[in-house]
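Asks:
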Amino acid sequence: EAGVVQSPRYKIIEKKQPVAFWCNPISGHNTLYWYLQNLGQGPELLIRYENEEAVDDSQLPKDRFSAERLKGVDSTLKIQPAELGDSAVYLCASSLEHHEQYFGPGTRLTVT
Amino acid sequence: AQSVTQLDSQVPVFEEAPVELRCNYSSSVSVYLFWYVQYPNQGLQLLLKYLSGSTLVKGINGFEAEFNKSQTSFHLRKPSVHISDTAEYFCAVTLSGGYNKLIFGAGTRLAVHP
Numbered sequence: 001e002a003g004v005v006q007s008p009r010y011k012i013i014e015k016k017q018p019v020a021f022w023c024n025p026i027s028g029h030n031t032l033y034w035y036l037q038n039l040g041q042g043p044e045l046l047i048r049y050e051n052e053e054a055v056d057d058s059q060l061p062k063d064r065f066s067a068e069r070l071k072g073v074d075s076t077l078k079i080q081p082a083e084l085g086d087s088a089v090y091l092c093a094s095s096l097e098h099h100e101q102y103f104g105p106g107t108r109l110t111v112t
Numbered sequence: 113a114q115s116v117t118q119l120d121s122q123v124p125v126f127e128e129a130p131v132e133l134r135c136n137y138s139s140s141v142s143v144y145l146f147w148y149v150q151y152p153n154q155g156l157q158l159l160l161k162y163l164s165g166s167t168l169v170k171g172i173n174g175f176e177a178e179f180n181k182s183q184t185s186f187h188l189r190k191p192s193v194h195i196s197d198t199a200e201y202f203c204a205v206t207l208s209g210g211y212n213k214l215i216f217g218a219g220t221r222l223a224v225h226p
């Protein structure tokens, strides 16, 4: 069974540029999560989807971040414009039950 | 709100020695507890979880953890580590029942030396 797929794995952009990350969850998992992991810290939830509905986006900085999960399968997280402080690893996870989340390898973003 | 404290940011240990990674949580209600491992440039992998029942939980790769409600701890142990256990380990907590947000600790870097 394929795991959670994320792309790209690495991205380097200049500040003020837009960037997008893509996530394909494990087949059949209706819940999808985006996390932000800063260096030396644990992941922090940005947004959670139940099917195509964003049910918890309280930690998503909505002035520059947006996300979508069309058709309730794969998802895209966008930052526009990126700032230096956005440099981090962006993790996607999915789950069938609420408590066992399966994580993708992450996208490491560097903003210069 | 619940929180997680991982008491050691780094734990160096020699190969084949035992190891304990400490985790304390704070919550006024019942919780579920998890340990995840993150190898370099990879996502998080679930090692083990405590939902209910026996307080001693066995996980993958020979790891186990003990839930201690009175001390609000969930320490991770392995009797004999391997070089391949070198990784970052995260403790996480969520409120029991239904969906609640996973709260992660800051992580403990386990470095196994030959």
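Chains as they are written, first to last, in this note's numbering: chain A, 1 to 112; chain B, 113 to 226. Idealized CB from N, CA, C, for every residue including glycine. Note that the coordinates shown come from a computational prediction; the quantities given were computed from them, not determined experimentally.
#1: Whose C-beta lies closer than 6 Å to the C-beta of residue 115 of chain B among residues of the same chain, with five residues either side of it excluded?
#2: Mapping the DSSP letters down to three states, classify residue 86 of chain A as helix, strand or coil.
#3: In terms of residues, what are the limits of the beta strand (DSSP E) holding residue 201 of chain B?
#4: For a cutoff of 8 Å on Cβ pairs, would you count residue 218 of chain B as touching chain A?
#5: So residue 36 of chain A and residue 102 of chain A are supposed to be a Cβ contact under 8 Å. How far apart are they, rounded?
#6: Using C-beta distances below 6 Å, list every residue in its chain close to residue 132 of chain B, excluding the 5 sequence neighbours before and after it, in chain order.
#7: Count the C-beta pairs between the segment 15-34 of chain A and the segment 74-82 of chain A that are closer than 8 Å, then say yes if the count reaches three, no if not.
#8: Looking at the C-beta of residue 65 of chain A, does it have a partner C-beta in chain B at a distance below 8 Å?
#9: Give me, in chain order, the residues of the same chain whose beta-carbon lies closer than 6 Å to that of residue 206 of chain B; leave out the 5 immediate sequence neighbours on both sides.
#10: Would residue 150 of chain B be called buried (16 or more neighbouring beta carbons within 10 Å of its own) or exposed?
#11: Give a yes or no on whether the C-beta atoms belonging to residue 94 of chain A and residue 25 of chain A are separated by under 8 Å.
#12: By Cβ distance, which residues of its chain are closer than 6 Å to residue 16 of chain A, with the 5 residues on each side in sequence left out?
#13: Can you round the beta-carbon distance between residue 75 of chain A and residue 32 of chain A to whole angstroms, since I take them to be within the 8 Å contact cut?
#14: Can you pull the chain A residues whose beta carbon is under 7 Å from the beta carbon of residue 183 of chain B, in chain order?
#15: Among A:85, A:14, A:30, A:109, whose alpha-carbon lies nearest the alpha-carbon of residue 70 of chain A?
#16: Given a cut-off of 8 Å on the beta-carbon distance, is the pair residue 169 of chain B and residue 181 of chain B in contact?
#17: Taking the Cβ atom as the reference point for each residue, do residue 159 of chain B and residue 173 of chain B lie within a distance shorter than 8 Å?
#18: Expressed to the nearest angstrom, what Euclidean distance is found between the alpha-carbon atoms of residue 45 of chain A and residue 110 of chain A?
#19: Going by the beta-carbon positions, is the gap between residue 218 of chain B and residue 124 of chain B smaller than 8 Å?
#20: Which residue wins for smallest C-alpha separation from residue 117 of chain B, given the options B:134, B:126, B:155, B:127?
Replies: Reading from the atomic positions:
#1: Hits under 6 Å: 138.
#2: In the structure shown, the three-state DSSP call for residue 86 of chain A is helix.
#3: Residues 199-207.
#4: With 8 Å as the cut-off, residue 218 of chain B counts as an interface residue toward chain A.
#5: The Cβ separation is near 18 Å, so there is no contact.
#6: Taken in chain order, the residues that qualify are 187, 189.
#7: Contact between the segment 15-34 of chain A and the segment 74-82 of chain A is present: three or more C-beta pairs spanning the two stretches fall below 8 Å.
#8: Contact with chain B is absent for residue 65 of chain A, since none of that chain's Cβ atoms lies less than 8 Å from the residue's Cβ.
#9: For residue 206 of chain B, where only same-chain residues beyond five positions count, the Cβ hits under 6 Å are 144, 212, 214.
#10: When all chains shown are included, residue 150 of chain B counts as buried.
#11: Contact flag set, yes.
#12: So the list reads 81, once near-sequence residues are dropped.
#13: With 8 Å as the limit, residue 75 of chain A and residue 32 of chain A qualify as a contact, their Cβ atoms being about 5 Å apart.
#14: Here the premise fails: no neighbours, minimum Cβ distance about 21 Å.
#15: Checked all of A:85, A:14, A:30, A:109; the closest Cα to residue 70 of chain A is A:30.
#16: Pairing residue 169 of chain B with residue 181 of chain B gives a Cβ-Cβ distance that is not under 8 Å.
#17: For residue 159 of chain B and residue 173 of chain B, yes; Cβs fall inside 8 Å.
#18: Taking the straight line joining both Cα atoms gives about 19 Å.
#19: At the C-beta level, residue 218 of chain B and residue 124 of chain B stay beyond 8 Å of one another.
#20: Checked all of B:134, B:126, B:155, B:127; the closest Cα to residue 117 of chain B is B:134.
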